[in-house]
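S.K.: Numbering-wise, numbering that gives the first Met the number 0 puts 31 at position 32 of the sequence shown, and it's gapless, one number per residue. Note that the Cβ used here is the ideal one computed from N, Cα and C, for glycine as well. I have a structure here, written as structure tokens, and I will follow up with some questions on it.
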Amino acid sequence: MPPRRSVRRARRQRDRFLVGYIVTWDVDSANLLQCTRVRRFVFGHTVSANGKTYRYPGFVELEGVRYLGQSVLFVARDRLEAVRGFLRANGVEHVVSNATLGSILPN
């Protein structure tokens with residue numbers, strides 16, 4: 000089984016030591032609109048229309064962003080305001096903590 004997209008993305012950043020923040024959030028699962036907006040912002044989405052497919056990349060695909068787990072991202076300093084602005088604009092409760100990530104070790 001090939002590695003999942005988040006694992007492949009993390010492996011590309013293997014030799015990087017990152018300084019930034021851990022951002023965690025809590026989405027109300029009863030609020031379908033909020034859940035969809037957050038999922039699309041974080042992971043992106045694909046739209047097919049008139050025989051064409053359009054792919055919109057998510058925030059986790061940006062340089063300096065790592066997906067750590069459900070509702071948890073590591074974000075480099077220069078990406079923090081983008082994610083905070085999105086979460087605030089959509090009424091998503093969130094917490095930001097200072098963090099550093101070391102390089103990724105080989106398996």
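So for phenylalanine 16, helix, strand or coil by DSSP?
M.R.: What you label residue 16 is simply residue 17 of the sequence shown in a count that begins at 1. Phenylalanine 16 falls in the coil class under three-state DSSP.
S.K.: Going straight from the alpha carbon of glycine 90 to that of tyrosine 66, what length do you get?
M.R.: In the sequence shown, residue 90 corresponds to position 91, counting from 1. In the sequence shown, residue 66 corresponds to position 67, counting from 1. So the two alpha carbons sit approximately 21 Å from each other.
S.K.: Tell me which residue opens and which closes the beta strand (DSSP E) that valine 71 is part of.
M.R.: In the sequence shown, residue 71 corresponds to position 72, counting from 1. Run containing valine 71: 71–75, per the beta strand (DSSP E) assignment.
S.K.: CB-CB under 8 Å to tyrosine 55, same chain, minus the five flanking residues each way: which ones, in chain order?
M.R.: Counting from one through the sequence shown, the residue named residue 55 turns up at place 56. The residues are Arg39, Gly43, His44, Thr45 and Val46.
S.K.: Tell me, which residues are paired with alanine 98 by DSSP?
M.R.: The residue given as residue 98 occupies position 99 in the sequence shown. DSSP output for alanine 98 lists Gly19 as bridge partner(s).
S.K.: The beta strand (DSSP E) with leucine 67 in it runs from where to where?
M.R.: Indexing the sequence shown from 1 puts residue 67 at position 68. Here the beta strand (DSSP E) through leucine 67 covers 64–68.
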